[in-house]
Amino acid sequence: MAAIVVSNKALQIGHRLNSQLPVIAGTFGLQKRDASTNLATYRRGRGGRSSFSGTVATVLGASGSLGGYVVNRLGKVGSQVVIPYRGDTSSVDRFRLCGDLGQILFSKFHLRDDDSLRRAMKYSNVVINLIGRDWETRNFSFYDVHTEGARRVARIAKEMGVKKLIHFSSLNASPNPQQIFVKGGSHFLRSKYEGELAVREEFPEAVIFRPADMFGPEDRFTITYTNYWRRAHGVIPLWKKGDATIKQPVFVADVAEGVLQAINDPDVISKTIEAVGPYRYYLADLVDFFYRALRFRNVPRYPITPLFQLKARLMGLAPNNPIFNLDKLDKDHVTDVLTDCLTLEDLGVQLTRIEDRVIFDLKPFRVNAYYDENLGEFRDPPKPPIVPPELEMKN
């Protein structure tokens with residue numbers, strides 16, 4: 001009887017291994033993946049980090065400010081994540097902790113190398129394109145990254161049979177953005193708009209996110225305005241002192257949650273989602289609030305002078321991560337305009353107000369940051385006023 005039991009168990013194991021041979025062979029490149037028999041994409045477990053959600057996602061541009069939040073959210077629900085990287089692994093090694101053992105994978109790639117993109121997407125059913133640049137270099141222009149790069153990613157995703165492509169553009173992306181300092185308007189915003197058209201041509205079912213300025217730890221919104229180089233001799237230069245620009249910033253973790261909801265929502269196919277925060281503010285009020293959170297006594301706002309524009313041009317020549325440049329100066333002063341697209345609230349995301357986060361996020365940069373204060377010794381700064389719709393329409 002014991003021998004019969006053992007033989008039955010052996011038969012069960014043999015049948016199980018036999019059913020998984022296509023998956024094992026496909027994993028090692030022995031044969032092409034067949035989606036109908038690929039057990040690797042089946043949901044397993046009760047949910048959570050140590051389960052498998054059935055999502056195999058390639059996250060391009062994971063080393064950016066949003067990428068870490070997206071990878072972390074995917075890892076928490078048991079997704080397998082492929083992270084393509086360029087150059088050294090130091091910029092992506094930290095992502096190993098975002099998922100269970102073996103669930104976070106890495107693949108070398110180059111945006112102009114089709115074969116490397118195919119390898120990164122070979123076993124994925126979701127591709128998330130977060131690639132973007134705030135400044136141009138001699139190797140990559142805005143057009144190279146935001147338009148041609150987006151087109152190549154969409155084309156290869158379609159070729160590899162990816163079920164869902166999520167592409168990140170930018171709020172205010174337009175063929176004719178408002179001209180403030182740069183002739184013809186921000187090249188960043190124009191290239192993002194052209195990238196949307198390219199993605200729609202190659203992958204019509206793609207989901208396009210248009211995020212507003214994102215705030216969070218080490219962001220490029222609050223940190224930009226409070227940086228030493230952004231100030232000029234104790235004052236903060238803003239176009240029309242910031243009184244002509246309205247912003248609707250969004251918390252970076254809310255955008256990552258929106259991505260997760262979009263992956264699981266079949267109704268967002270071919271839709272555009274405008275990722276914005278819950279309220280709108282004048283840029284002047286936001287900047288004043290930032291400096292009150294830093295406990296600066298007085299940082300007056302002044303109009304941007306030609307000398308400061310020259311400084312922005314020179315900053316743009318920096319080879320690595322300039323704090324700002326003339327194009328970013330132009331983009332930052334364009335008022336956020338919403339259309340009739342879906343928003344994060346339509347995806348069920350509970351939005352975070354900027355005044356509830358900035359005091360915490362700017363704490364390491366405030367005056368006397370390492371002073372051991374008593375509880376309640378300092379009052380929280382007054383919150384920035386919200387722009388009501390009737391006042392905005394009047395202006």
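First residue of the sequence shown? That's 1 in the working numbering, and the numbers climb one at a time after it.
Cβ atoms here follow ideal geometry from the backbone N, Cα and C, with glycine treated the same way.
- Across the structure, R96 and L60 are spaced so that their CA atoms are roughly 16 Å apart.
- Looking at L101, F52, F106, the one whose alpha-carbon comes closest to that of A62 is F106.
- Y281 has its alpha-carbon roughly 7 Å from the corresponding atom of P385.
- DSSP places K331 within a helical segment (H, G or I) once states are collapsed to three.
- Straight-line measurement puts the Cα of G47 at about 42 Å from the Cα of F324.
- By the Cβ-count criterion, W229 is exposed, with fewer than 16 other Cβ atoms from all chains shown falling within 10 Å of its own Cβ.
- Per DSSP, the unbroken beta strand (DSSP E) holding N129 starts and ends at 126-129.
- A57 sits in a strand when the DSSP states are folded into three classes.
- The three-state reading of DSSP puts Q80 in strand, counting E and B together.
- Separation of R44 and S50 (C-alpha to C-alpha, rounded to the nearest whole angstrom) is 10 Å.
- Using a Cβ distance threshold of 9 Å, L171 and D330 do not count as a contacting pair.
- In the structure shown, H167 falls within a strand segment according to DSSP collapsed to helix, strand and coil.
- Apart from sequence neighbours up to five positions away, the residues of its chain that approach L351 with a beta-carbon distance below 8 Å are V250, F251, D254, G277, P278, L344, E345, ordered along the chain.
- Three or more pairs of CB atoms, one per stretch, sit closer than 8 Å, so the stretch 182-192 contacts the stretch 133-150.
- Within the stretch 93-157, the complete beta strand (DSSP E) runs of at least 3 residues fall at 104-108, 126-129.
- With 16 or more other CB atoms across the displayed protein chains lying within 10 angstroms of its CB, R292 is buried.
- Just measuring C-alpha positions, the residue of R138, L347, L342 sitting nearest L317 is R138.
- Listed in chain order, the beta strand (DSSP E) elements of length 3 or more contained wholly in the stretch 266-321 are 272-275, 301-303.
- By the C-beta density criterion, H110 is exposed, having fewer than 16 other C-beta atoms within 10 angstroms.
- Just so you know, the alpha carbons of S169 and E205 end up roughly 15 Å apart.
- Counting the other CB atoms within 10 Å of its CB gives T339 a total below 16, which places it among the exposed residues.
- Closest in C-alpha terms to F365, from the list L342, C341, A232, T226, comes T226.
- The Cβ atoms of S53 and V77 lie closer than 9 Å to each other.
- Counting only the Cα atoms, E201 lies some 9 Å from R155.
- Beta-bridge partners of R210 (DSSP): E274.
- Of the other Cβ atoms in all chains shown, fewer than 16 fall within 10 Å of the Cβ of F360; this residue is therefore exposed.
- Bounds of the beta strand (DSSP E) holding L238 are 236-238.
- Nearest Cα to Y69 within the set G161, L347, V199, G216: G216.
- Between the stretch 118-133 and the stretch 158-167 there are three or more inter-stretch CB-CB distances shorter than 8 Å, so the stretches are counted as touching.
- Within the same chain, Cβ atoms closer than 6 Å to the Cβ of P381 are found at R292, A293, the five residues on either side in sequence being excluded.
- Under the DSSP assignment, I263 falls in the alpha helix (DSSP H) whose first and last residues are 252-264.
- For G195, the uninterrupted alpha helix (DSSP H) run begins and ends at 187-202, by DSSP.
- The beta carbons of P319 and P237 sit no closer together than 9 Å.
- Within 10 angstroms of the beta-carbon of Q179 lie fewer than 16 other beta-carbons, which makes it exposed.
- In the structure shown, the three-state DSSP call for R73 is helix.
- Burial state of T305 is exposed, judged by a 10 Å Cβ sphere holding fewer than 16 other Cβ atoms.
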